[in-house]
Every structure is written in structure tokens, then in C-alpha cells.
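Accompanying notes for the structure given below.
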Amino acid sequence: MNGIYFLAGLAGIALNLNFIADQYWAFILGMYVGIIVAMYHGPSIKILGIVMFICSGYWVNYRQTIQTPLRYVEDVPKVKIVMSHIDQCQLTEQGLSGVGTTLGSNEQVRFQVRHLSHSAYNFLKKYDGAFEIEARYTYQRIDGPRNRFEFDMQRYWYSRGIVCKLVANSAIKCQQTQYQFFTINALVNLIRTWHVHLVEWFEQLPSGLRDYGETLLLGYVRPDFYLDNQGLSKMGLIHLFSISGFQVHLVCQVWYLICRRLKFLKEMRLWSSQIILVVFWIFAGDNRSIIRSVVATGTEHFVQLKNCRCSRFDLWGITILLSLLIEPGLLCHLGGQLSCLLSFGLLWFNQLKWWQVSIQLNLLILPLLIWSTFTWHPISILANLIAIPCFAYVICPLVIIGVLAQMLQLSIMVMHIDWIICYIQKGLVHIANCPGELFFGKPSIVLFSIMGLITLICIIYQHPRWWYCLAVVYAIVGLMGTIRTNDQVVLFDVGQGDATFFKLDTGESVLVDVGGRVLFNQSEQQRKRQAIYGARPIVSYLKAQAISTIDVLVLTHKDADHIGNLEGLLSVYRINKILVPMGMHLPRHIMSKLQNTQIESVRAGDTPVPGVMILAPDHVGKGENADSIALNVITHGLSLILTGDLDQAGEQRILQQFKLGPIDILKLGHHGSKTSTAESFLKRLNPKIGIISAGVHNRFGHPHAEVVARLKAGHVKTYQTPECGMIRVRKESNVLKTDFALNLK
């Protein structure tokens, strides 16, 4: 083999990115590979062309096949039977959701049954295998992100070959799936059932040992794993858990030791290891990122069996091509991209020491991390240098010993091992919270391409001149982030809540409310997780705009839909000043996190920062709706009024106390409730644009018809977050320009 398979892998990446991921710039990579093949591998170009033609046809057909269910969207409900496994589902007392396959049409779908009968719930709660659930389903398109730079759930499911969600109010029938013995489906069902039992067993372990044990040994990532271990994400240590292939390596090593004990011949060991790899791949289930490691190990074993001569470059190319054929959506998500990129980097580092490899791998993936997460902490290089040997020689052995100790019921040993792991987890969080995190913002595609190209040149040629060029490029990217104008008023879609962001003419960043959900009977841990999850749209957008600090946070009043996500925001951002209405007190668990934050109570007439005047409250209250802060903001030529959940009586007091004239934007009070936005208030302000922040199909019926009628009668152009998603408004040449996160026709 003379490198042609390496080029085939690169060409496969280019075609896959084009046909599956809609990254049309990848044609440039494909053309480059074609030129290289034509120049240096002339005789092989026909073979490569045929292989690429077959792959392209397969990916085009795959894309058309998975999109077949879209033709049923918005159709009348259909009676369907969905086959699934309890390992792929989430069961609650309210209902069932998960991933399955429709019987007959064999379509991969997400499904949700909102209400289960008592008998169906009890059956599924005790069951551990494959089942069929029949219901009258409505086909729904999976929603895309409702805020810019928010995690794209639609794209995530598309990467797994799923584009539709089947929703039913109740189940007609739920029963066990019957498989014939010794069939592939029966074997897959058996392996998944083992996985269910093992996960249930690991769930009994103490939290630290449970988290690391499930992820490192089973390849299973708990839904809350990265929320509970945020230090891993911040330090760039995700690859140690989800994309490094540690689990695959461990399985192969254990099987190798068993084969040596049993004195298996080399051929028998290699053939049997192929079967073990397939079983582990099925066992790992939803962990798509390990597919490259499984295929790489299997390909390497096959080459050994056939006594073929295959360079590490060709082996990489074959692995990538097979991985993309088995899992076409691999490059649609960050885990798959990092897995392929890290394995590519290792091809060029065989002469370097381990610490040099660690540093250069960090630099190799840096452009992709900045493009996806918008920030980078330089300490992550040091963290990786320490973490790699620490995981190899401390954490992994500890996890294995801890699991064995639990099996032998050595509870004291388990407790001490869990204490060590929890201590390491806390240490990672403290390191991640060290000052020095760099906020680059979302770079342009041109800068991202330049970063990636120069990084590859540095890695391949190792010339100091290119490293200097790379440093200059990163300096430019960082500078571009700091000089962003941010001249827009941004109204986030946070469901039935409020959150608004803008920058003042002085450059100070201001956030008004943070959204949130009303929670009942929730533990402290559940409340914290919900706050972190709820704050994500705000955090992602601010990071994409290279906002490193929130100068002023205005909390209009104490309702959870306005301040509920504050704890999640504080876990990421430092806030210099918080404005609250007179008489309002923040919860104790929030106050404990605000030692270095100035908290200022404001009243009508105050000007806490240039460009912001307080219109309400004019009295000491308790932070109720009637005590809400109302703001008059002037920034970048825009005039804006926000009133929180202020009622009509409060609006009348504002009209009496302040001589307000026509404004550009009115953020309607109380999510468009009829208790706010009086006709007299609307006439005095005469806004050009009215914006309503409310939840989709919210149970309060917001906005109320009376308010919508008032806006229409006043000829106010109105936008709603349920219809538009995130709304951004800016002023250009005295004309208001709007854009939305959702593509409105």
C-alpha cells in the first residue's frame, strides 16, 4: 500500500461533509486530494474514483432514506407500532420517551407517549428488554435551536439518522417483543439487556465511582455527566472519556490476557477479538464516538490476520472510510470530529515524546474547540499533561479496584476510593475556575479556515516560522472578539420567561433577567442542574459574542421565570453589579455566590449606569409583580423600555412621574398578559416594535387576545419569541432591522 488509502480517507471525509453534513467548502479538500492522486498515484486514480463513487451513492441514498418520515409531518395521526428497548428509553410516571424503529416501514424515530396506563407503566418499570408500543402517533419534525449558537438538537438527532419525532397522548398496547432464538435481533436484545443490568448495578455505586465507572468501563455517559463534571469540558478533557477509545483498548487487553491464559493461537485470538469488538460496540449502544476506535482496532487485527503490509497512514484512511460508512453522521457532531482529528494528529507524532504529543494534540484541536465552544483556557494544556498519566496510572486502576471492591462488598475500600475520585473531581473544578480563560467569540469561517490550515502545516512540518504565524492568527482572532460592536438588543427565547441583553454606548454589558422555570419539590441538586441547563442559551450566545464579564445584571423581580437560571449563569460568569427593586432579597443559596458582586437596590428616577434610567418601582416592596423594575434604555441610537411583570397600575404611575415620548422598542410586560400594557401606556409610548417573550403553547394563554388587539389597533409591529425564537433588533441609518433565530417565511 502506497498511501492511496490515506488519500481515500481524506476524500471520504470531504464527500461525507458535503453530502451528509452540508459543508460544501469540503469540495476544496476533495479537489486537493484529487490533484495529489493525479500527480503521484496515477495508476490508482481509477480505483479511488470507483470507491468514492460508491461511497457518494451510499451517502446520498442514506440521506434520502432517513428523511422519508418527513413526508408524514403534519399529517393526521397514524396508528403505528414502535419497537424499542428499555435501554434506549426514559420512563417517568408521566410518560415514556426514547428511540425506536417503526414496525413495517423500519424508520428510525424518536417517540414520546405522554400518558401511560397503570399496567403499562408497571410492565415497563419491571421490564429489561425489547418491547413494542402501539399508539396513535403524530409525526413531528424535530425542533432546531430557538436561540443563536444554542446546541442544535435537530442536528444531533440527524447525525444519528433520526429526523422525526412520533408523539402520542396514550398507548393502545404495550408488550414484550418476541424474537426467535439464535437470530441477530435476539442477540442484540440480549446484549442490550446486559447493558441495562450493568448500568443499574453501577447506579448503586457512590457518585464519583459511578460517574467514572460507567463512562470509562461501560462507554455509557449519564445524561447529567457533563453537568456534574463541568471541569472536564472546560479543561478539554472530554477525550479521555468519550473519544479516546480507552474502553476499546481495555476490552482488547483483558481479552488478550484471557487468550494467553487459555493458550489460544494468534489467529484464534484475533478472530475472536473481532467478535468481542462487535459485541462491545452493540453493548456501548448510544456512544457513537467510540465507533472509530472499534473500527481502527478491528482493521488492525484484520491486517495482522492477512499478513498485509499497511502503513499507519493507510490504516487511518481505511478506518475513517469504514467508520463513515457504518456511521454516516459521525462528522456532524463535535465528538466524532475530535476523534478523527486526534487520530489524524497521532500519525505525525511517532517521533515525539509523550508530553510533546499532548501539547501538539491540544493545539491541533484548538481551532475546532474555538469554533464550537468560543473559549479556551491555556491551563488546559497543563491539565492534559497532568491528566493523561493521572488517568492511566491512578484513576483507571482506582475505578477498576473500586468496582471489584463493590463486587466483593468491601464497603470501606469503596468509600475511600470514591472519596479520592470526588476529590479529583473537585480539584478539576477549581482548576477550571482559575482566571485566564480566553473568550474568542465565534470566528468567521475565513479565520477558522486559516487557523485550521496553519495548524495543520505546523503539525506536519514543525517549522518555527509557522508557529509564529499561528500565534499571530490567534492574536487577530482574539482581537476581533474584543472589538465586536454588539450594537443589537437581544431578546432570548427562554420559554415562559424573560431574558434581554444589550451593550451600552459606554461598552458595558447589561443583562435584564435570566429566565427560569417554576419547580416544585425539587432537590438542591435538581434545582442546580435545571438552572445550568436553562442558562445555556444565554451563556452560549454571550460566549459567541466574546463577552467575558456581565457588568450589570438587572433582576426585575423575584419570580422564578425571571431569576430561576441565575445559579446556572453564576457558575460560568462573573457579574460586577446586580440591580434589584427596593425591598427584594435574593435567596440564600444565591447570596453565598455573590461575595464579590455589588448588589444595589434601585427606585424610580435612579440612573445606575449611563444610558439606563429606572422608571419603577417607586416604593419599597417584596419583589412581587407590582414591584418590578421598569427600565428606559438608550443604546446605539435605540430607545427601549422593559417593564418586567409590572401591572397596569404601575404603568400609570410611570406615565404620571415621567415625561416619556415615542420609543423604538417596547418589551411588553408580563409576557403579554392582559394585566399589563394598558392602552394609555401604549398610546403614550407609541413604540415602533412590540416584543412579547412567552413559552410555546404556554398554559397561561400568553399573549392574551386583548393585548394583541391593542397592539394591532396601535399599528405596532409585533414579534413573539414563540413564533420567532431569539429576536435581535438594531438600528441602521435610522431604520430598525430585526432578525430571528427561527427562519420565518
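In this text, residue positions in the sequence shown follow this note's numbering: the first is 886, and each later residue adds one.
Heads up, the beta-carbon is just placed ideally off N, CA and C, and yes, glycines get one too.
Just so it is clear, the structure is predicted and the values come from calculations on it, not from any experiment.
Q: Look up Asp1624 in the DSSP assignment and give the residues it is bridged to.
A: Arg1613
Quiz item: Among Leu1248, Leu1254, Arg1369, Ala1360, which residue has its Cα nearest to the Cα of Leu1341?
Solution: Leu1248
Practice problem: Would you tell me roughly how many angstroms separate the C-alpha atoms of Asp907 and Asp1532, rounded to the nearest one? | Solution: 48 Å
Would the beta-carbon of His1556 fall within 8 Å of that of Ala1590?
no
Closest Cα partner of Ile1519 within the set Ser1513, Asp1512, Leu1527
Leu1527
Would you list the residues sitting across from Asn1070 in a DSSP beta bridge?
-> In DSSP, Asn1070 forms no bridge with anything.
Let me make sure I understand the geometry here. Which of Asp1109, Tyr1346, Ile1339 has the alpha-carbon closest to that of Ala1356?
Ile1339
> Nearest to Arg1538 by alpha carbon, out of Pro1502, Leu1523, Leu1525?
Replying inline: Pro1502
Alpha helix (DSSP H) segment containing Gly1202, residue limits: 1197-1211
message: Just to confirm, is the Cβ distance from Cys1225 to Arg1173 under 8 Å?
response: no
Where does the unbroken alpha helix (DSSP H) through Thr1258 begin, and where does it stop? 1239-1258
Would you kindly work out how many angstroms separate the C-alpha atoms of Thr1645 and Leu1523, rounded to a whole number?
As displayed, the chain neither begins before 886 nor continues past 1630, which places residue 1645 out of reach and without an answer.
query = Which whole-angstrom value is the C-beta distance of Gly1632 and Gly1202, which I expect to be below 8 Å?
reply = Here the chain covers residues 886 to 1630 and nothing more, so residue 1632 does not appear.
**Asked** Less than 8 Å separating the beta-carbons of Tyr1097 and Ile1306?
**Response** yes
Please specify which runs of the beta strand (DSSP E), each continuous and at least 3 residues long, are wholly inside the segment 1362-1402, giving them in chain order. 1374-1376, 1385-1388, 1394-1397
Check: Using DSSP with H/G/I as helix, E/B as strand and the rest coil, what is Pro954?
Finding: helix
### Task
Kindly list the residues whose CB is nearer than 7 Å to the CB of Ile1612, restricted to its own chain and excluding five residues on each side of it in sequence; keep chain order.
Leu1376, Ile1576, Tyr1604, Thr1606, Thr1623, Phe1625
Output needed for Lys1630: all residues of its chain with C-beta closer than 6 Å, excluding positions within five of it in sequence on either side, in chain order. Its pLDDT being 41, under 50, Lys1630 is placed unreliably by the model, and nothing is read from it.
Can you pull the DSSP bridge partners for Ala1015?
-> His970
- Query: How many whole angstroms separate the CB atoms of Gln997 and Gly1014, which I take to be in contact at a CB cut-off of 8 Å?
  - Reply: Their Cβ separation, rounded to whole angstroms, is 21 Å, which puts Gln997 and Gly1014 out of contact at 8 Å.
Q.
Is it buried or exposed, Met916, if we count other Cβ atoms within 10 angstroms and call 16 or more buried?
A. exposed
Q. Helix, strand or coil: how does DSSP classify Lys1630 here?
A. Low per-residue confidence applies at Lys1630: pLDDT is 41, beneath 50, and the placement is therefore not dependable enough to give any value.
DSSP three-state assignment for Ile1576, whether helix, strand or coil | strand
Practice task
Report the three-state DSSP secondary structure of Lys1327 (helix, strand or coil).
Solution key: coil
Does DSSP put Cys1275 in a helix, a strand or coil?
helix
* To do: For Pro1547, decide whether its Cβ has a neighbour in chain D, counting only Cβ atoms nearer than 8 Å.
  => The structure shown contains no chain D; it is built from a single protein chain.
- prompt: Span of the beta strand (DSSP E) holding Gln1605?
  reply: 1602-1605
Alpha-carbon spacing of Thr1482 relative to Ala1416, whole angstroms | 19 Å
- request: Specify, as a first and last residue, the run of the alpha helix (DSSP H) that Ala1445 falls within.
  value: 1445-1448
Assuming Met1498 is part of the beta strand (DSSP E), what are its boundary residues?
1497-1501
task = Go ahead and label Ile920 buried or exposed: buried means 16 or more other beta carbons lie within 10 angstroms of its beta carbon, across all protein chains shown.
result = exposed
Buried or exposed: Tyr1458, going by 16 or more other Cβ atoms within 10 Å of its Cβ? buried
**Request:** Rounded to whole angstroms, what's the CA-CA distance from Ser1394 to Ile905? Just pull it up for me.
**Result:** 39 Å
List, from N- to C-terminal side, the beta strand (DSSP E) runs of 3 residues or more that fit wholly inside the segment 1503-1544. 1515-1520, 1523-1527
> Going along the chain, which unbroken runs of the alpha helix (DSSP H) with 4 or more residues stay wholly within the segment 1068-1148?
Replying inline: 1069-1087, 1092-1098, 1110-1113, 1115-1119, 1124-1127, 1131-1147
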